[in-house]
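The sequence shown runs 0 to 142 under numbering that gives the first Met the number 0. Note that beta-carbon positions come from the ideal geometry of N, C-alpha and C, so glycine has one too. Because the structure is a prediction, the values reported are computed rather than measured. Here is the structure we will look at, set down as structure tokens.
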Amino acid sequence: MKMKGKSITELHEGQTADFTKTITNAEILAFATLSGDYNPLHIDPSAAAEGVFGGIIAHGMLVAGLISTAIGTGLPGPGTIYLKQSLRFTKPVRSGDTIRARVEVISLDPVKNRATLSTIYSNQRREVVLEGEALVIPPKAVQ
């Protein structure tokens with residue numbers, strides 16, 4: 000069975016979807032390997048302890064990537080094309096933090112078939128760790 004996301008006519012302002020994941024040391028190391036970002040703040044406990052955050056933190060783009068799941072499997076869902084994303088990092092994310100990536104439809108352009116979504120990432124303490132805005136093309140309506 001093929002899954003199909005919501006078309007522009009099925010979306011409305013205020014609609015939300017989210018994805019929650021706990022970040023692990025293994026994922027931080029895997030992201031370092033995949034991206035080639037071996038900044039000591041992400042992989043070296045001794046060096047990271049001397050840094051501004053006092054310990055290892057997850058890569059910002061590892062955390063930011065969680066919104067792709069909320070968009071691609073949640074809202075608008077499968078078939079959505081990502082066009083643009085703004086990001087503002089507000090707090091560090093550490094191994095063991097549970098992050099909720101939430102999207103909310105904030106505006107729709109049916110003529111251009113575009114949806115603008117707010118993207119908010121919060122930790123288990125409900126602190127915002129990352130926020131931004133995404134522009135996407137929802138899947139076409141089935142005729």
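- Query: Alpha carbon to alpha carbon, how far is GLU126 from ILE119?
  - Reply: 10 Å
- Item | SER106 and THR97 closer than 7 Å at C-beta | Judged by beta-carbon spacing, THR97 lies beyond the 7 Å limit of SER106, meaning their Cβ atoms are not closer than that value.
- Query: Among the residues of its own chain, which have a CB less than 7 Å from the CB of SER6, if the five just before and after it don't count?
  - Reply: PRO137, PRO138, LYS139, ALA140
- Where HIS11 falls, given that 16 or more other Cβ within 10 Å makes a residue buried: exposed
- DSSP puts ALA100 in a beta bridge; with which residues? Answer by DSSP bridge pairing, in chain order: PHE18, TYR120.
- Mapping DSSP to helix, strand and coil, what is PHE30? helix
- Query: How about ALA63 and PHE18: are their beta carbons less than 7 Å apart?
  - Reply: no
- Starting from ILE56 and walking both ways along the beta strand (DSSP E), at which residues does that stretch end? Premise fails: ILE56 is in no beta strand (DSSP E) and is neither H nor E.
- Message: Less than 7 Å between the C-beta atoms of ILE56 and PRO44, yes or no?
- Response: no
- Query: Can you tell me whether ALA48 is buried or exposed, with buried defined as 16 or more other CB within 10 angstroms of its CB?
  - Reply: exposed
- Message: Going by C-alpha to C-alpha distance, which of ASP36, SER67, ASP108, PHE88 sits closest to GLY78?
- Response: The residue with the shortest Cα to Cα distance from GLY78 is SER67.
- Task: Please report the residue range of the beta strand (DSSP E) in which ALA133 lies.
- Result: 127-136
- Between SER85 and ILE22, is the Cβ-Cβ spacing less than 7 Å? no
- Item | Residue from LEU134, VAL92, VAL102, ILE27 with nearest C-alpha to ARG124 | VAL92
- Task: Please name the residue in HIS58, LYS20, ALA29 whose C-alpha comes closest to that of LEU40.
- Result: Distance check between LEU40 and each of HIS58, LYS20, ALA29 places HIS58 closest, using alpha-carbon atoms only.
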